[in-house]
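Residue numbers (this note's numbering), protein chains in the order written: chain X, 45 to 289; chain L, 706 to 820.
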Amino acid sequence: EPPSISPSCASCGLSQTDGDTRVDVGLLEAVKRHILSRLQMRDRPNITHPIPKAAMVTALKKLHAGKVREDGRLEIPNLDGHAASMNEVEEETSEIISFAETDESLTSKTSLFFVISNEGNQKLYVSQASLWMYFKLLPNVLEKGSRRKVTVKVYAQEPGFGSKWNLVEKRVDLKRSGWHTFPLTHAVQMVFAKGDRRQNLDVRCEVCEKLGIVPVLVNTADESHRPFLVVQARAADNKHRIRKR
Amino acid sequence: GLECDGSSSLCCRQQFYIDFRLIGWNDWIIAPSGYFGNYCEGNCPAYMAGVPGSASSFHTAVVNQYRMRGMSPGSMNSCCIPTKLSPMSMLYFNDEYNIVKRDVPNMIVEECGCA
């Protein structure tokens, strides 16, 4: 940036004299390495095909994406609605949002899977995991003001047991199109416990079609309603971590 | 803690802000938009070690005990180090296109002092 645009920018020395540039480029590289090491990454990720913004924005809007403060830090509201400064955060936690994928190996149209990453291959304890799914109500199906209750069954495949699927069942009350969550903590905990990273799911709603209800799965024409999985995790051996000084 | 303003060579905090857009990292870091990579620099003369506001550590205590006994080791200099750090949350894409929010403790240098 030319100095005239951002005169108070501390790192604008980068584009000034040769001597300063040499010093600051070294510093910049050191800071880059510092950030990557704190995120337990060797290199910056290679982003070749970014996630559609619509999908990302919807996922973040639905969660407490927080507010970026003037000093660059992020404020995360607590579940009870009060904003808590990150200064209060002592424990290292992760929140992983994974978007649904599908491939040809999946036989059923209702099947999808998630690849849940784990930087640094650290031992993570999953404290909470939930699937977010959008249910679309087709127009003119319901009379104005009426509602329908349907039972949605989410089958989660156990890692290591090819044919074993665990069921999470939820009664969904639909008045209009909207997002609904399904608890998958136990299923994801099992995936992590087995050292696996892939969660296969199968979503069934037997009467949905008859009632004009469409559970949105992976659909390139409707990216903003792509299902996503939210995993809250923390380092399992946090209490016994040894720091090198 | 002192802020570096060029008027003194004493231990101080130098602010260093990196805008992720300028280094081309905004394609994978969603929030925040930049990082305060502040660092400590400057001299720590003997009288600054162990003064209120500077780092208190086992080493400071040992060196102070030596000084009190008039045995201040000449070669033992104190260091200008971060004395207060704050955490930072980051929201970013990883190689598998997951969005990750990580709360990283001790990420930003808030104050510097001599230890």
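Just so you know, even glycine gets a beta-carbon here, dropped at the ideal spot from N, CA and C.
### Query
Where does ASP68/X sit, in a helix, a strand or coil, going by DSSP?
Translated into positions along the first sequence, residue 68/X becomes position 24. For ASP68/X, the three-state secondary structure derived from DSSP is helix.
### Message
For HIS269/X, count the other beta carbons within 10 Å of its own beta carbon; 16 or more makes it buried, fewer makes it exposed. Which is it?
### Response
Locating residue 269/X in the first sequence gives position 225, where the first residue counts as 1. HIS269/X comes out buried.
### Query
For the beta strand (DSSP E) that HIS224/X lies in, which residues bound it at each end?
The residue labelled residue 224/X in the question sits at position 180 within the first sequence. In the DSSP assignment, HIS224/X falls within the beta strand (DSSP E) that extends over 222-227.
### Message
Is it the case that the stretch 226-240 of chain X contacts the stretch 257-268 of chain X, given that we only count it when at least three CB pairs across the two stretches are under 8 Å?
### Response
The stretch 257-268 of chain X vs the stretch 226-240 of chain X: no contact.
### Message
Three or more C-beta pairs under 8 Å: does that hold for the stretch 726-744 of chain L against the stretch 798-817 of chain L?
### Response
A contact exists between the stretch 726-744 of chain L and the stretch 798-817 of chain L.
### Task
Can you tell me which of the three DSSP states THR102/X falls into?
Numbered from 1 along the first sequence, position 58 holds the residue referred to as residue 102/X. Annotated three-state conformation of THR102/X is helix, per DSSP.
### Message
Helix, strand or coil for VAL75/X? Go by DSSP, reduced to three states.
### Response
Looking up residue 75/X in the first sequence gives position 31. Here VAL75/X sits in helix by DSSP.
### Query
Among CYS252/X, GLN243/X, ASN263/X, GLU250/X, which one has its Cα closest to the Cα of SER142/X?
If you number the first sequence from 1, residue 142/X lands on position 98. It is GLN243/X whose Cα lies nearest to the Cα of SER142/X.
### Query
Cα separation between GLN84/X and ASP732/L?
Position 40 of the first sequence holds residue 84/X. Position 27 of the second sequence holds residue 732/L. Spanning the alpha carbons of GLN84/X and ASP732/L requires a straight line of approximately 18 Å.
### Environment of SER138/X [buried if 16+ CB atoms lie within 10 Å]
Within the first sequence, the letter at position 94 stands for residue 138/X. The residue is buried, with at least 16 neighbouring Cβ atoms inside 10 Å.
### Query
Should HIS78/X be counted as a contact of the ligand SAH given a C-beta to heavy atom distance under 8 Å?
The ligand SAH is not part of this structure, which contains no ligands at all.
#### Entry: Three-state secondary structure assigned by DSSP to ARG88/X
What you label residue 88/X is simply residue 44 of the first sequence in a count that begins at 1. In the structure shown, ARG88/X sits in coil (DSSP, three-state: anything other than H, G, I, E or B).
### Query
Name the chain L residues whose beta carbon is nearer than 7 Å to that of SER43/X?
Since the first residue of chain X shown is 45 and the last is 289, residue 43/X is not available in this structure.
### Task
Using a cut-off of 8 Å between C-beta atoms, extract the partners of GLU267/X located in chain L.
As a position in the first sequence, residue 267/X is number 223, starting the count at 1. Among the residues of chain L, none has a CB under 8 Å from the CB of GLU267/X; the nearest is roughly 13 Å distant.
### Message
By the 8 Å beta-carbon criterion, what residues does the stretch 790-803 of chain L contribute toward chain X?
### Response
Listed by position along the chain: SER791, PRO792, MET793, SER794, MET795, LEU796, TYR797, PHE798, ASN799, ASP800, GLU801, TYR802, ASN803.
### Task
Starting from PHE143/X, find everything on chain L with Cβ-Cβ shorter than 9 Å and list it in chain order.
Position 99 of the first sequence holds residue 143/X. Near PHE143/X (Cβ distances below 9 Å), the residues of chain L are TYR802, ASN803, ILE804.
#### Entry: Closer than 8 Å at the beta carbon, the chain L residues around THR229/X
Numbered from its first residue, the first sequence carries residue 229/X at position 185. Identification of chain L residues near THR229/X by a Cβ-Cβ cut-off of 8 Å yields none; the smallest Cβ-Cβ distance measures about 18 Å.
### Task
Note down the Cα distance separating SER714/L from CYS745/L, rounded to an integer number of angstroms.
By 1-based counting over the second sequence, the position of residue 714/L is 9. By 1-based counting over the second sequence, the position of residue 745/L is 40. Near 11 Å, if we compare the C-alpha coordinates of CYS745/L and SER714/L.
### Query
Is it the case that the Cβ atoms of ILE804/L and ALA103/X are separated by a distance below 9 Å?
Counting from 1 along the second sequence, the entry for residue 804/L is found at position 99. Counting from 1 along the first sequence, the entry for residue 103/X is found at position 59. Annotated as proximal: ILE804/L and ALA103/X, with beta-carbon spacing under 9 Å.
### Start-to-end residues for the beta strand (DSSP E) that takes in ASN210/X
In the first sequence, residue 210/X corresponds to position 166, counting from 1. Unbroken beta strand (DSSP E) run through ASN210/X: 209-218.
### Task
May I ask you to report which of helix, strand or coil DSSP gives LYS97/X?
For the purposes of this step, residue 97/X is identified with residue 53 of the first sequence, where counting begins at 1. Secondary structure of LYS97/X (DSSP, three-state): helix.
### Query
Are MET234/X and GLU202/X close, meaning C-beta to C-beta below 9 Å?
Numbered from 1 along the first sequence, position 190 holds the residue referred to as residue 234/X. Numbered from 1 along the first sequence, position 158 holds the residue referred to as residue 202/X. With respect to the 9 Å criterion, MET234/X and GLU202/X are classified as neighbours on the basis of their beta carbons.
### Message
Just checking: is the beta-carbon of PHE721/L within a distance shorter than 9 Å of some beta-carbon in chain X?
### Response
As a working mapping, residue 721/L is identified with position 16 in the second sequence. PHE721/L has a beta carbon lying within less than 9 Å of a beta carbon in chain X.
### Query
So which residues of chain L does ALA103/X contact, with C-beta pairs closer than 9 Å?
On the first sequence, position 59 is the one that residue 103/X refers to. Against chain L, the beta carbon of ALA103/X has neighbours under 9 Å at ILE804, listed in chain order.
### Message
Beta-carbon within less than 7 Å of CYS195/X's beta-carbon, same chain only, minus the 5 sequence neighbours each way: which residues are those?
### Response
Sequence index remark: in the first sequence, residue 195/X carries index 151 (1-based). Note that residue 195/X is Thr in the sequence shown, not Cys. Result list for THR195/X: GLU213, ARG215, in chain order.
### Query
Based on the DSSP secondary-structure assignment, which residues constitute the bridge partners of TYR797/L?
Residue 797/L sits at position 92 when you count from the first residue of the second sequence. Bridge partners of TYR797/L: ILE734/L, VAL805/L.
### Query
Closest to PRO96/X by CA distance: which of GLY70/X, GLN276/X, TYR169/X, ALA265/X is it?
Taking the first sequence and counting its residues from 1, one reaches residue 96/X at position 52. Each of GLY70/X, GLN276/X, TYR169/X, ALA265/X was checked against the Cα of PRO96/X, and the nearest Cα belongs to ALA265/X.
### Message
So LEU83/X contacts chain L; which residues on that side make the cut at Cβ distance below 9 Å?
### Response
Here residue 83/X corresponds to residue number 39 of the first sequence, with the count starting at 1. By Cβ distance, chain L contributes MET795, TYR797, ASN799, VAL805, ARG807, VAL809.
### Message
Taking CB distances under 9 Å as the criterion, tell me whether THR264/X reaches chain L.
### Response
Here residue 264/X refers to the residue found at position 220 when the first sequence is read from its first residue. Taking Cβ atoms only, chain L never reaches closer than 9 Å to THR264/X, which makes this a no.
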